[in-house]
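Trainee: First the structure, then my questions, so here it is.
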Amino acid sequence: MFRFRSGGRRLSVEEARARTAAPSPTAVLLDVREGDEWRAGHAPGAVHAPLSGLVEGAALPAAARGLPLVVVCRSGRRSRRAAELLARAGVDAVDVVGGMSAWAAAGFPVVDARGNGGTVA
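Numbering-wise (numbering that gives the first Met the number 0), the sequence shown opens with residue 0 and increments by one.
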């Protein structure tokens with residue numbers, strides 16, 4: 000299995016998409032933004048786990064457990080914090096430089112809660 004170096008490594012949006020996109024992803028894209036941001040728009044296939052919950056000790060969603068994680072937020076600040084928190088807990092986690100703002104600017108897909116075209120909030 001592919002292993003990330005935890006705690007400090009950051010990926011570009013291009014690297015993040017390459018590692019998390021179908022047909023053969025090597026990691027899960029974990030979006031740590033809050034619910035309203037997630038519903039407005041997120042990457043297809045991403046798993047939602049708000050940073051606020053992770054800080055309070057919430058468990059990772061089942062789809063993200065035991066797998067390498069690529070952590071994303073809106074700009075990269077919260078995802079860096081989340082990746083560091085997860086790495087301290089022994090999770091393979093890296094964050095995405097520029098977050099969903101950079102993802103959308105690169106022309107990568109963003110969908111809303113219904114699977115339609117979304118926006119980055």
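Even for Gly, the Cβ is constructed at its ideal location relative to N, Cα and C.
Near TRP102, what residues of its chain come up, given a Cβ to Cβ distance below 8 Å and the 5 sequence neighbours on each side ignored?
Mentor: So the list reads VAL12, ALA15, ARG16, ALA42, VAL71, VAL95, VAL109, VAL119, once near-sequence residues are dropped.
Trainee: Alpha carbon to alpha carbon, what distance is there between TRP37 and ALA57?
Mentor: So the two alpha carbons sit approximately 17 Å from each other.
Trainee: What's the gap between the Cα of ALA127 and the Cα of GLY40?
Mentor: Beyond the ends of the chain as shown, which are 0 and 120, falls residue 127; an answer cannot be given.
Trainee: Residues in the same chain with beta-carbon distance under 8 Å from PRO60, minus the five sequence neighbours each way, listed in chain order, please.
Mentor: Closer than 8 Å at Cβ, skipping near neighbours: VAL46, HIS47, ALA48.
Trainee: In the structure shown, what three-state DSSP assignment does ARG16 receive?
Mentor: Looking at ARG16 - three-state DSSP - the assignment turns out to be helix.
Trainee: In its own chain, which residues sit with a C-beta less than 8 Å from the C-beta of ALA20, not counting the 5 before and 5 after it?
Mentor: Within the same chain, ALA20 has close Cβ partners GLY44.
Trainee: Going by DSSP, what residue range makes up the alpha helix (DSSP H) through ALA39?
Mentor: From DSSP, the alpha helix (DSSP H) with ALA39 extends over 34-39.
Trainee: In this structure, does DSSP put PHE1 in helix, strand or coil?
Mentor: Annotation note: pLDDT 33 at PHE1 (below 50); position unreliable, no value reported.
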